[in-house]
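Working notes, beginning with the structure itself.
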């Protein structure tokens, strides 16, 4: 419990991550008059995933107009699905516009955060050994922030070049190289068609096929961008229409898949037509056709991924990898592939904590989730870890756009912090009762989602973790989520005196 004499921290609030979540947290704190905050980021600039992921062909995989803060709409998107460089520039513009940079400690990797129940403070430890205290901790490290390196025997023995999508070496020239790509998810299907014309030969190593929809991408005319610059709020109309359309489809097809499976069946037909119209070879079409239900893995948009397999210098390989050798890849059937370059586009670890978080009595959050299954209250807080807010945590990803999640989670976290600051409460924590009720409700709703369907067997999806749970997506609509968060603000937390 808190001591009678409240110890003053170095900062009222510490934020981990200077991506869009961390920037939003800083902005929302400033709106509440809380200017005593610090942001830690391991990189040398803002942008988070858009700073780290600058691989060839990187684009946002949802319409750009929905990929921005509602309070800071961006009229500068050049096309319907903006290239990654524009997302990074948007983050930089936001940091400047709201004066966030002065609060950020760049090149500072957080290694641990420990809560002291006697002082009600978090101590944040950095890789350099610095220790900084804060009353509240908002962790905006992202739901998908730690790249997943595949367990490939012999990878360390490969004598060629290994490229990773999350840390691309732009000084390395792929021209004339024999290249293999592991990974055919959202990242892989952007890299593959971009580099295919450049390399001597490209082998795509596919474990699980992906559902791919046509990509209605087009340049945004200059006159329309001029209109958006003059009247930014006009973007709210197309944003509302796109958000509503996809949320209806997501709610009906994904969240209520058990009751209405015809929706996902219809999307599968659309994807198959797209595939058949673009790939000539019947055998390759069959290999590129998923054998699991639509939306079990995150589907994607592309107009140029499938045609890549019509090229003479591109092969699709579905044989399992036995090991990586010094010169290439050995497959389970005994065949070998000699390559110069190996590209790993193998995704991320779901809700991986990039640093140790220890709560009351030294309780380790990662170990707790491993032993008790992932859980949180409203996808944001965890009992036993006072003054900690995750943006997002398990069952916290809301809606179609990442910005729906950011704005709801961060706004709620800052509202709780502001309430505690105003009342002089040194400690605030989610109640066990409300948390149990929320988690049971989420797990019950998940049983009706597509992720609980037998048709997801063999999908190798990050939506289903090793414990058999699906804690990534919050299985409610944005309206339901917002209503629940408002209720939680009133009755879901205990504030110490």
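In the numbering used here, the protein residues as written are 710 to 1206.
Quick reminder that beta carbons are idealized off the backbone N, C-alpha and C, glycines included.
All of these numbers come straight from a predicted model, not from anything done at the bench.
Identity of the residue in the options nearest residue i by Cα
i, options, result
"residue 922", "873, 720, 1009 and 957", "1009"
"residue 1096", "1104, 1123 and 1109", "1123"
"residue 1035", "775, 1045 and 762", "1045"
"residue 811", "1048, 1194 and 735", "735"
"residue 993", "1019, 733 and 1132", "1019"
"residue 1002", "1030, 860, 917 and 1077", "917"
"residue 1089", "1071, 1166 and 1143", "1143"
"residue 915", "979, 1023 and 981", "1023"
"residue 744", "808, 1172, 910 and 1072", "808"
"residue 1198", "1118, 1148 and 1152", "1118"
"residue 1067", "1061, 1076, 868 and 1085", "1076"
"residue 849", "747, 952 and 981", "747"
"residue 989", "1168, 813 and 1021", "1021"
"residue 1082", "865, 844, 1174 and 819", "1174"
"residue 911", "880, 1026, 725 and 1190", "1026"
"residue 1189", "1162, 1151, 1168 and 904", "1151"
Contact under 8 Å by Cβ, residue i with residue j
i, j, result
"residue 830", "residue 716", "yes"
"residue 897", "residue 791", "no"
"residue 907", "residue 884", "yes"
"residue 795", "residue 934", "no"
"residue 913", "residue 1050", "no"
"residue 1116", "residue 800", "no"
"residue 767", "residue 727", "no"
"residue 1145", "residue 1201", "no"
"residue 757", "residue 816", "no"
"residue 895", "residue 788", "no"
"residue 1004", "residue 1159", "yes"
"residue 826", "residue 1059", "no"
"residue 813", "residue 1109", "no"
"residue 822", "residue 1181", "no"
"residue 1170", "residue 1006", "yes"
"residue 954", "residue 843", "no"
"residue 924", "residue 1012", "yes"
Inter-residue Cα distance where the pair is residue i and residue j
i, j, result
"residue 1113", "residue 1098", "17 Å"
"residue 1121", "residue 1087", "10 Å"
"residue 765", "residue 901", "9 Å"
"residue 942", "residue 774", "11 Å"
"residue 936", "residue 1016", "36 Å"
"residue 1101", "residue 1042", "43 Å"
"residue 961", "residue 975", "12 Å"
"residue 1172", "residue 1106", "11 Å"
"residue 957", "residue 1091", "30 Å"
"residue 836", "residue 930", "46 Å"
"residue 834", "residue 1137", "22 Å"
"residue 919", "residue 999", "6 Å"
"residue 996", "residue 891", "15 Å"
"residue 949", "residue 776", "12 Å"
"residue 1179", "residue 932", "44 Å"
"residue 713", "residue 839", "The pLDDT assigned to residue 713 is 46, lower than 50, so where the model puts this residue is not dependable; a value taken from the coordinates is nonetheless given after this. Using only the alpha carbons, I get a separation of about 28 Å."
"residue 1147", "residue 952", "25 Å"
"residue 972", "residue 1187", "20 Å"
"residue 886", "residue 877", "16 Å"
Residue i (DSSP reduced to helix, strand or coil)
i, result
"residue 1061", "coil"
"residue 1051", "strand"
"residue 834", "strand"
"residue 870", "strand"
"residue 931", "helix"
"residue 939", "helix"
"residue 1070", "helix"
"residue 883", "coil"
"residue 1195", "helix"
"residue 856", "strand"
"residue 799", "helix"
"residue 1140", "coil"
"residue 711", "Model confidence at residue 711 stands at a pLDDT of 44, short of 50, so the residue's coordinates are unreliable; what they give is reported in the following sentence. Residue state, collapsed to three classes: coil."
"residue 728", "coil"
"residue 782", "coil"
"residue 747", "strand"
"residue 760", "helix"
"residue 848", "strand"
"residue 983", "helix"
Rounded distance between the beta-carbons of residue j and residue i, thought under 8 Å
i, j, result
"residue 1134", "residue 1204", "4 Å"
"residue 875", "residue 762", "6 Å"
"residue 1244", "residue 1030", "Summary: the structure shown does not reach residue 1244, with the chain confined to residues 710 through 1206, and so no result is reported for it."
"residue 841", "residue 723", "7 Å"
"residue 759", "residue 730", "Wrong, their Cβ atoms sit about 12 Å apart, outside the cutoff."
"residue 1037", "residue 1048", "5 Å"
"residue 964", "residue 1184", "5 Å"
"residue 824", "residue 1094", "7 Å"
"residue 1207", "residue 1103", "As displayed, the chain neither begins before 710 nor continues past 1206, which places residue 1207 out of reach and without an answer."
"residue 944", "residue 797", "Not really, about 20 Å apart at Cβ, beyond 8 Å."
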